[in-house]
Ligand code: FAD
């Protein structure tokens with residue numbers, strides 16, 4: 022049997038994006054011996070790709086902003102399906118987390134009088150996104166990594182070893198969580214470069230593994246977003262919440278085919294870019310839904326006036342929440358008014374001088390020049406929807422990040438967790454979510470460890486079993502190759518559980534996915550364990566398949582359209598579903614769903630909305646019993 026190298030920690034954080042780093046820093050600050058395990062290179066996480074910014078009511082751009090307005094925008098964006106406690110904590114604590122980052126060395130763009138500059142984004146009432154050009158995620162990760170190194174230097178000085186309290190295991194993928202009864206006892210993984218197996222013994226494990234986008238064919242997500250954390254949680258006995266809600270970002274590149282899906286940041290629209298059809302018409306004015314009509318401009322003149330005088334103009338419809346814009350683009354293309362390569366036009370070149378475009382959107386200019394030979398200062402971009410973010414995720418306790426379900430010692434933060442964003446996330450709310458709940462999760466894990474009278478023990482045979490399962494694809498003499506299976510999962514999810522869904526198509530997807538189970542279980546990879554991408558993918562397939570099944574089953578169950586979940590056969594939001602969370606758990610190896618009541622909105626939080634707006638979302642019964650009466 023292969024050798025397994027054991028390591029012992031108090032807290033193991035799986036994932037080195039914003040959520041994982043912030044959680045690890047907090048656990049280490051609370052005196053816990055902490056490991057950060059990352060499948061990708063240290064510094065290469067989704068977070069680093071974030072362009073637009075981090076949303077926080079700093080009130081620099083507009084003194085009328087407040088945590089209450091941010092909370093209200095978040096709940097509106099999520100179509101009232103957000104966990105209210107999470108949305109409240111997020112809106113209240115995001116400013117502190119941004120200022121903390123600045124203390125740790127982040128260099129945000131400034132206003133002329135030297136405060137942190139904030140930019141507009143879809144669904145946010147006020148300019149709210151702290152940013153660094155269009156490379157905000159890079160600065161966030163750089164700063165958090167610098168903080169990790171600083172803590173390691175402190176430990177080197179105090180303990181003689183920089184890794185005594187906080188160690189990074191880069192390019193190390195976790196394949197199993199190990200349990201002692203109902204308690205997490207550690208994690209098992211492998212080093213991607215050498216193929217060596219590792220055992221992390223720890224009473225607390227934090228999942229911070231990001232999203233699931235690689236289960237879809239057209240996606241802005243990169244190779245590591247295979248839903249490992251979602252699947253690990255399910256298999257360990259935790260619950261996934263509302264997995265039907267997958268966000269399709271309206272603007273991904275559509276051409277050339279090799280880069281299809283790569284993100285075109287919402288900042289392009291936030292900074293003045295407009296969407297046009299094949300005839301040059303700004304079509305978004307025709308797609309403002311009733312629930313948003315009072316907040317969005319009806320004419321181009323009014324919309325353009327908003328950029329310089331937001332107090333006296335309503336917002337441009339290009340800045341509607343992402344689900345609305347993505348559906349509008351989808352319809353334009355379907356009805357034959359699209360661009361030559363199957364998207365629509367996003368034009369910034371006619372809206373501001375070339376130098377300003379270069380200053381505000383340097384990465385976008387570079388991206389289009391390098392990848393599509395398009396100069397965005399001179400011509401429009403072609404864009405279309407791309408799978409971007411999953412709102413569904415591990416059900417957690419909002420205050421501590423502890424996973425719900427039958428497993429203790431498991432925590433989750435960031436994109437892998439669910440509830441915060443309801444049915445649709447607002448742009449910029451992820452980076453602030455990572456910081457707020459990453460910190461809370463690190464704290465929650467540390468307090469949990471302190472509360473234990475004895476550490477759990479990894480059952481004797483469990484590491485060897487995990488090693489055997491990991492090595493199995495290489496030991497097989499026959500079986501499908503992992504790339505074929507990956508393509509089949511992606512095609513199925515894209516075609517049958519994509520941006521517009523229909524009952525019979527989702528049923529078909531479930532059949533196809535279920536039929537793939539045996540083939541994925543028998544997948545064969547060639548070669549040996551030292552750096553072998555085919556083997557890595559073979560192991561990732563198990564997560565991708567399980568997560569896809571959870572998405573498809575949830576999508577079939579929810580018979581309404583809300584946020585990131587659009588059912589052609591149930592085109593409206595339904596009062597019947599207004600308060601329903603769909604909870605997925607694994608029973609006898611199969612994903613089972615049950616319904617759970619959404620927690621109530623407290624009266625003081627309900628009072629932030631006027632009754633006319635609440636009437637669009639709440640049931641009549643709720644309105645009668647809870648909503649404030651009209652003045
Ligand atoms: P990630 O940053 O995704 O990190 C996940 C980590 O988990 C990685 O280190 C990965 O290697 C590791 N991992 C995964 N599986 C395993 C495993 N099995 N074992 C070990 N490690 C594992 N949001 C905003 O708020 N503002 C923006 O401007 C913005 N722009 C974006 C632009 C792009 C192109 C994309 C793709 C997303 C953008 N988002 C933005 C969304 C946001 O970046 C992500 O939601 C967020 O970064 C997720 O952070 P995270 O810490 O949860 O996970």
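Residue numbers (our numbering): 22 to 652.
All C-beta atoms, glycine included, are put in the ideal place defined by N, C-alpha and C.
* Could you say which of 461, 427, 561 and 425 lies nearest to residue 435 if we only look at CA atoms? => Walking along the chain shown from the start, residue 435 turns up at place 414. Out of 461, 427, 561 and 425, 461 has the C-alpha closest to the C-alpha of residue 435.
* Closest by CA to residue 110, which one among 101, 127, 92 and 99? -> The residue you call residue 110 lines up with position 89 of the chain shown. Selected option, being the one with the closest Cα: 92.
* To do: Could you pull out every unbroken alpha helix (DSSP H) segment of at least 4 residues lying fully inside the segment 502 to 578, listed in chain order?
  => 503 to 517, 524 to 542 and 554 to 578
* Examine the ligand FAD and report whether any of its heavy atoms sits within less than 7 Å of the Cβ of residue 455. => Sequence index remark: in the chain shown, residue 455 carries index 434 (1-based). Yes.
* CA-CA distance, residue 360 and residue 313? -> The residue you call residue 360 lines up with position 339 of the chain shown. The residue you call residue 313 lines up with position 292 of the chain shown. Rounded to the nearest angstrom, the two C-alpha atoms are 27 Å apart.
* Looking at residue 232 and the ligand FAD, is the gap between the Cβ and the nearest heavy atom below 7 Å? -> Counting from 1 along the chain shown, the entry for residue 232 is found at position 211. Flag set: Cβ of residue 232 near the ligand FAD.
* Work out the CA separation of residue 83 and residue 686 for me, nearest whole Å. => Not covered by the structure: residue 686. The range shown for the chain is 22 to 652.
* To do: State the Cα-Cα distance for the pair residue 581 and residue 382, rounded to the nearest angstrom.
  => Indexing the chain shown from 1 puts residue 581 at position 560. Indexing the chain shown from 1 puts residue 382 at position 361. Taking the straight line joining both Cα atoms gives about 37 Å.
* **Proximity below 8 Å, CB of residue 189 to CB of residue 271** => Position 168 of the chain shown holds residue 189. Position 250 of the chain shown holds residue 271. Cβ distance not < 8 Å, so residue 189 and residue 271 don't count as in contact.
* Would you report the Cα separation of residue 358 and residue 352, rounded to the nearest angstrom? -> Here residue 358 refers to the residue found at position 337 of the chain shown. Here residue 352 refers to the residue found at position 331 of the chain shown. Each residue's alpha carbon lies about 9 Å from the other.
* Within the present structure, is the beta-carbon of residue 435 separated from the nearest heavy atom of the ligand FAD by less than 7 Å? -> Here residue 435 corresponds to residue number 414 of the chain shown, with the count starting at 1. Yes, the ligand FAD has a heavy atom inside 7 Å of this Cβ.
* Hey, is residue 67 close to the ligand FAD, as in C-beta under 7 Å from one of its heavy atoms? -> Residue numbering aside, residue 67 sits at position 46 when the chain shown is read from its first letter. Flag set: Cβ of residue 67 near the ligand FAD.
* **Candidates 264, 587 and 243: closest to residue 252 by CA position** => On the chain shown, position 231 is the one that residue 252 refers to. Selected option, being the one with the closest Cα: 264.
* N-terminal and C-terminal residue of the alpha helix (DSSP H) that residue 40 is part of -> Reading the chain shown from its first residue, position 19 is the one you call residue 40. Where residue 40 is concerned, the enclosing alpha helix (DSSP H) stretches over 39 to 50.
* **Close beta carbons around residue 506, own chain, < 7 Å, minus the five adjacent residues each side** => As a working note, residue 506 is residue 485 in the chain shown. Cβ neighbours of residue 506 beyond the five flanking positions: 537, 540, 541, 544 and 562.
* Does DSSP classify residue 587 as helix, strand or coil? -> Taking the first residue of the chain shown as 1, we reach residue 587 at position 566. It is coil, neither helix nor strand.
* Using the beta-carbon count (16 or more within 10 Å), is residue 472 buried or exposed? -> The residue labelled residue 472 in the question sits at position 451 within the chain shown. Flag for residue 472 reads exposed.
* Decide if residue 214 is buried, meaning its Cβ has at least 16 other Cβ atoms within 10 Å, or exposed. => Counting from one through the chain shown, the residue named residue 214 turns up at place 193. Its Cβ having fewer than 16 others within 10 Å, residue 214 is exposed.
* residue 193 and residue 60: beta carbons closer than 8 Å? -> By one-based count along the chain shown, residue 193 stands at place 172. By one-based count along the chain shown, residue 60 stands at place 39. The answer is yes: Cβ separation under 8 Å.
* To do: Determine the direct distance from the alpha carbon of residue 244 to that of residue 474, and round the result to whole angstroms.
  => Here residue 474 corresponds to residue number 453 of the chain shown, with the count starting at 1. Here residue 244 corresponds to residue number 223 of the chain shown, with the count starting at 1. The straight-line gap from Cα to Cα measures roughly 40 Å.
* If you drop the 5 nearest sequence neighbours on each side, which residues of the same chain put their C-beta closer than 7 Å to that of residue 533? -> Within the chain shown, residue 533 is the residue found at index 512, counting from 1. These residues qualify, in order along the chain: 513.
* **Environment of residue 65 [buried if 16+ CB atoms lie within 10 Å]** => Counted from its first residue, the chain shown places residue 65 at position 44. It counts as buried.
* So does residue 111 have its beta carbon nearer than 7 Å to some heavy atom of the ligand FAD? -> Here residue 111 is taken as the residue at index 90 of the chain shown, counted from 1. Flag unset: Cβ of residue 111 not near the ligand FAD.
* Comparing alpha-carbon positions, which option in 409, 47 and 132 lies nearest residue 242? -> One-based indexing of the chain shown puts residue 242 at position 221. Looking at the Cα atoms, 409 is the closest of the given residues.
* To do: Determine the DSSP secondary structure at residue 410, reduced to helix, strand or coil.
  => The residue you call residue 410 lines up with position 389 of the chain shown. Strand, per DSSP.
* Under the assumption that residue 119 contacts residue 148 (Cβ atoms under 8 Å), give the Cβ distance between them as a whole number of angstroms. => One-based indexing of the chain shown puts residue 119 at position 98. One-based indexing of the chain shown puts residue 148 at position 127. Contact flag wrong, Cβ pair sits at about 14 Å.
* Asked: Nearest to residue 69 by CA position, among 160, 417, 153 and 107, is which residue?
  -> The sequence position of residue 69 within the chain shown is 48, counting from 1. Comparing Cα positions, the closest option is 160.
* Would residue 125 be called buried (16 or more neighbouring beta carbons within 10 Å of its own) or exposed? -> Position 104 of the chain shown, counted from the start, is the residue given in the question as residue 125. Classification for residue 125: exposed.
* Who does residue 218 pair with in a DSSP beta bridge? -> For this step, residue 218 is matched to residue 197 along the chain shown. DSSP, once it has assigned bridges, lists 25 and 211 as partnering residue 218.
* Between the CA atoms of residue 94 and residue 81 - distance to the nearest angstrom -> For the purposes of this step, residue 81 is taken as residue 60 along the chain shown, with counting starting at 1. For the purposes of this step, residue 94 is taken as residue 73 along the chain shown, with counting starting at 1. One C-alpha to the other measures close to 18 Å.
* Asked: Comparing the CB of residue 121 with every heavy atom of the ligand FAD, is any distance shorter than 7 Å?
  -> By one-based count along the chain shown, residue 121 stands at place 100. Result no, Cβ not under 7 Å from the ligand FAD.
* To do: Quick one: which unbroken beta strand (DSSP E) runs of 3-plus residues sit fully inside the segment 233 to 312? Chain order, please.
  => 267 to 274 and 295 to 297
* Asked: By how many angstroms is the C-alpha of residue 231 removed from the C-alpha of residue 497?
  -> The residue labelled residue 497 in the question sits at position 476 within the chain shown. The residue labelled residue 231 in the question sits at position 210 within the chain shown. Taking the straight line from one Cα to the other gives about 31 Å.
* To do: Indicate the three-state DSSP secondary structure (helix, strand or coil) for residue 59 in the structure shown.
  => As a position in the chain shown, residue 59 is number 38, starting the count at 1. Reduced to three states, the DSSP call for residue 59 is coil.
* How about the segment 38 to 53 and the segment 126 to 145: do they share at least three Cβ pairs that are nearer than 8 Å? -> no
* Using the C-alpha atoms, what's the distance from residue 289 back to residue 631? -> Position 610 of the chain shown holds residue 631. Position 268 of the chain shown holds residue 289. Distance between the alpha carbons of residue 631 and residue 289 is about 31 Å.
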